[in-house]
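Add 55 to a position in the sequence shown, counting from 1, and you land on the number used in our numbering. By construction, the Cβ of each residue, glycine as well, lies at the ideal position given by its N, Cα and C atoms. Owing to the predicted nature of the structure, the values given are computational and were not obtained by experimental measurement. Quick notes on the structure that follows.
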Amino acid sequence: MNVKPDFSRSSNQAATAPAFLSVWDVHAYYGESYIVQGINFNVHEGEILALLGRNGAGKTSTLRSIARTGSPMVTKGEIWLDHQPLHLMASHEAATAGLGLVPEDRRIIPGLTVEENLQLAQIAPPIGWSIERLYELFPRLGERRKQEGVTLSGGEQQMLAIARTLARDIKVLLLDEPYEGLAPVIVDEIEKTLVHIKEQGMTTIIVEQNAVRALQLADRAVILDTGGIVFDGLAEEVLENEELRAEYLAI
Ligand SMILES: Nc1ncnc2c1ncn2[C@@H]1O[C@H](COP(=O)(O)OP(=O)(O)OP(=O)(O)O)[C@@H](O)[C@H]1O
Ligand SMILES: [Mg+2]
56 MNVKPDFSRS
66 SNQAATAPAF
76 LSVWDVHAYY
86 GESYIVQGIN
96 FNVHEGEILA
106 LLGRNGAGKT
116 STLRSIARTG
126 SPMVTKGEIW
136 LDHQPLHLMA
146 SHEAATAGLG
156 LVPEDRRIIP
166 GLTVEENLQL
176 AQIAPPIGWS
186 IERLYELFPR
196 LGERRKQEGV
206 TLSGGEQQML
216 AIARTLARDI
226 KVLLLDEPYE
236 GLAPVIVDEI
246 EKTLVHIKEQ
256 GMTTIIVEQN
266 AVRALQLADR
276 AVILDTGGIV
286 FDGLAEEVLE
296 NEELRAEYLA
306 I
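Listed below in structure tokens is the structure:
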């Protein structure tokens, strides 16, 4: 009999202190396709959580469920952020409640300079980091403040996408493959920034194909496999567990 090892016992679902962000029995569908199949996990305030899994495992769909980005996806279940029921909110309300999704395609607005992209994010309150503080975080953006955002390099566009999200008053940063297509030296730069953002108290979920780098950055990890959670625990446990890495991350 081939019994798969069960890595899904949770180290963080103790029913004691309520989590900062709580994903409870969440399901997501695209039409007839049942993608996220009843997942539960918690994220603690100030930590970095790596959400990992193979292509098509449902990572982006999970981030979209949390951020309430909706159509064409339909979600069921409960998502609580700092005692607020996000599952009862529309996408724009969830953004105001403190969710900041940096999508994989970055979505820099054409025709606007770096600075205008940041100003647009602050057009309505609540406002987060000041533009000057964002330039201290990403000096390259300060140097290029008058340049059209879409003409930036891939790494700089990723920095702008993160900066624009921090320009709003967010409680959780959701990053979908922030290192995709970037040279290792730029990944190093973005990684340092994410550490700095964490030191300022931010809570982050990072989805990354570059699982080793994400695990080195993260405090904890959740691994998805075909829409369900197969591991929830410390990031270093995944780094140390060859069997788990080979089975679900192919690394
Ligand atoms: N708009 C959509 N309509 C129908 N099915 C979709 C849609 N978006 C995603 N899916 C399907 O949902 C499943 C999970 O996709 P998802 O993008 O969440 O995976 P992922 O873990 O982020 O994958 P990757 O690592 O490739 O980014 C896949 O089978 C995908 O084909
Ligand atoms: Mg994805």
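Item	Value
N-terminal and C-terminal residue of the alpha helix (DSSP H) that M257 is part of	It is not in any alpha helix (DSSP H) - M257 carries neither H nor E in the DSSP assignment.
Environment of V81 [buried if 16+ CB atoms lie within 10 Å]	buried
Option nearest D160 by Cα separation, candidates N172, G125, D231 and P140	D231
Local conformation of R178 per DSSP, three classes	The displayed chain sequence assigns Ile, not Arg, to residue 178. Here I178 sits in coil by DSSP.
A266, enclosing alpha helix (DSSP H) - first and last residue	A266 to L272
Neighbourhood of V267 by C-beta, 7 Å cutoff - its chain only, sequence neighbours within 5 removed	I306
Secondary structure of V58, DSSP reduced to three states	For V58, the pLDDT reaches just 46, beneath the cut-off of 50, and the residue's location in the model is therefore unreliable, leaving the point undetermined.
DSSP-derived helix/strand/coil call for A305	coil
DSSP three-state assignment for N172, whether helix, strand or coil	helix
DSSP three-state assignment for G155, whether helix, strand or coil	strand
Candidates G153, I182 and N172: closest to R162 by CA position	N172
Same chain, Cβ closer than 8 Å to N67, neighbours up to 5 away in sequence not counted	Residue confidence for N67 is low, a pLDDT of 46 falling below 50, so the modelled location carries little weight and cannot support an answer.
Reference P181; option with closest CA among T206, I164 and G155	G155
Cutoff 7 Å; reference R219; Cβ partners in own chain excluding five residues on either side	N172, L173 and A176
Buried or exposed (CB count within 10 angstroms, at least 16 for buried), T206	exposed
Unbroken alpha helix (DSSP H) run spanning V326, endpoints	No statement about residue 326 is possible, as the shown extent of the chain runs from 56 to 306 and does not include it.
Residue nearest to L237 in terms of C-alpha spacing, selected from G210, P194, V277 and G86	G210
Per-residue DSSP class, three states only, for R195	helix
Outcome for A179 when other beta-carbon atoms lying within 10 angstroms are tallied against a minimum of 16	exposed
Simplified DSSP state of H251, which is helix, strand or coil	helix
Counterpart residues of K131 in DSSP-defined beta bridges	H82
Own chain partners of G86 with C-beta closer than 8 Å, once the 5 adjacent residues on each side are dropped	P127
Near ligand 1: E159 beta-carbon under 8 Å from a heavy atom	yes
Contacts around N57, its chain only, beta-carbon distance under 8 Å, and the 5 residues preceding and following it disregarded	Bear in mind that a pLDDT of 44 at N57, under 50, signals an unreliable position, so the number given afterwards is only what the model happens to contain. Closer than 8 Å at Cβ, skipping near neighbours: no residue.
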